[in-house]
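In what follows, a single structure is set out as structure tokens and then discussed.
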Amino acid sequence: MGGDRVVIGVTGGSGSVLAVRLLERLNGVEKHLVMSENAKIVLKEEVGIEAAELEAQADQNYLDSDLSARISSGSFIFSAMVVIPCSMSTLAKISAGISDTLITRCAAVALKERRKLILVPREMPLSTIALENMHRLSLNGVIIAPAMPGYYTRPKTADDMVNFVVSRVMDLMGVENNLIKRWKQ
Ligand SMILES: Cc1cc2nc3c(=O)[nH]c(=O)nc-3n(C[C@H](O)[C@H](O)[C@H](O)COP(=O)(O)O)c2cc1C
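Counting in this note's numbering, the sequence shown runs from 5 upward without gaps.
The structure is reproduced here in structure tokens:
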């Protein structure tokens with residue numbers, strides 16, 4: 005029940021391209037997408053595409069303001085939720101238990117239902133507040149998977165670095181992928 009459904013939240017952190025790649029490559033699962041209004045602005049700025057283009061890759065789309073959407077209820081079963089990229093603002097809200105958007109509400113549901121929640125923060129450097137929020141979330145079982153590519157694969161392009169992060173996120177979601185050449189494999 006719901007084992008093949010995932011919720012993808014996209015917020016206004018830098019790194020919209022990570023969400024674009026994830027949506028492109030995530031096959032074999034039902035994709036439920038929510039973009040914050042800021043995510044739409046950053047997507048246009050960084051990737052040069054409209055939200056509709058990303059939304060076309062999802063099975064279902066929701067407005068971040070629609071707190072009555074079916075995914076806002078614990079009765080909507082999903083196997084994992086990922087917020088990619090996750091802004092410090094959304095991360096802080098989730099850490100504090102604030103659920104005033106569909107993304108933060110779904111994350112709160114994931115927490116209360118003890119479901120897999122993966123956050124992909126992007127900020128540099130990190131404030132003590134952001135680190136404390138991440139610590140609190142981690143103690144509550146949330147996977148903090150920062151958008152930090154490895155360099156041991158000798159990436160040649162920004163695309164290689166995007167693939168590294170997205171591959172690790174897909175691994176965490178339990179979705180098979182061959183986006184990168186694995187270390188000594
Ligand atoms: C081009 C651009 C890049 C941004 N990059 C980041 C970032 O890397 N990390 C971050 O936490 N916020 C970043 N922000 C700020 C967030 O968009 C802002 O805090 C916003 O309130 C987040 O709202 P949301 O979490 O509802 O999307 C960026 C904003 C813009 C316009």
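Heads up, the beta-carbon is just placed ideally off N, CA and C, and yes, glycines get one too.
Item	Value
For asparagine 65, three-class secondary structure by DSSP	strand
Distance between serine 72 and histidine 36 (C-alpha atoms, nearest Å)	15 Å
N-terminal and C-terminal residue of the alpha helix (DSSP H) that leucine 130 is part of	Counting along the chain, leucine 130 falls outside any alpha helix (DSSP H), and DSSP gives it neither H nor E.
Identified DSSP bridge partners for leucine 26	Its beta-bridge partners do not exist; DSSP assigns none.
Beta-carbon proximity list for proline 150, same chain, < 6 Å, skipping 5 on both sides	Pro125
Backbone secondary structure at valine 33 - three-state DSSP	coil
Alanine 84 in three-state terms, based on DSSP	strand
Whether valine 113 touches arginine 25 by CB criterion (8 Å)	no
Min CB distance leucine 106 to chain C below 8 Å	The question asks about chain C, but that chain is absent: this structure has only one protein chain.
Outcome for tyrosine 66 when other beta-carbon atoms lying within 10 angstroms are tallied against a minimum of 16	buried
Around ligand 1, Cβ to any heavy atom closer than 6 Å, ordered along the chain	Thr15, Gly16, Gly17, Ser18, Ser40, Asn42, Ala43, Ile45, Val46, Glu49, Ser91, Met92, Ser93, Thr94, Arg126 and Glu127
C-beta contact flag for glycine 17 and proline 89 at 8 Å	yes
Inside the stretch 98–179 only - beta strand (DSSP E) runs reaching at least 3 residues	120–125
Endpoints, beta strand (DSSP E) assigned at isoleucine 45	That residue, isoleucine 45, is in no beta strand (DSSP E); its alpha helix (DSSP H) goes 41–50.
Through-space distance from arginine 9 to phenylalanine 82, alpha-carbon basis	5 Å
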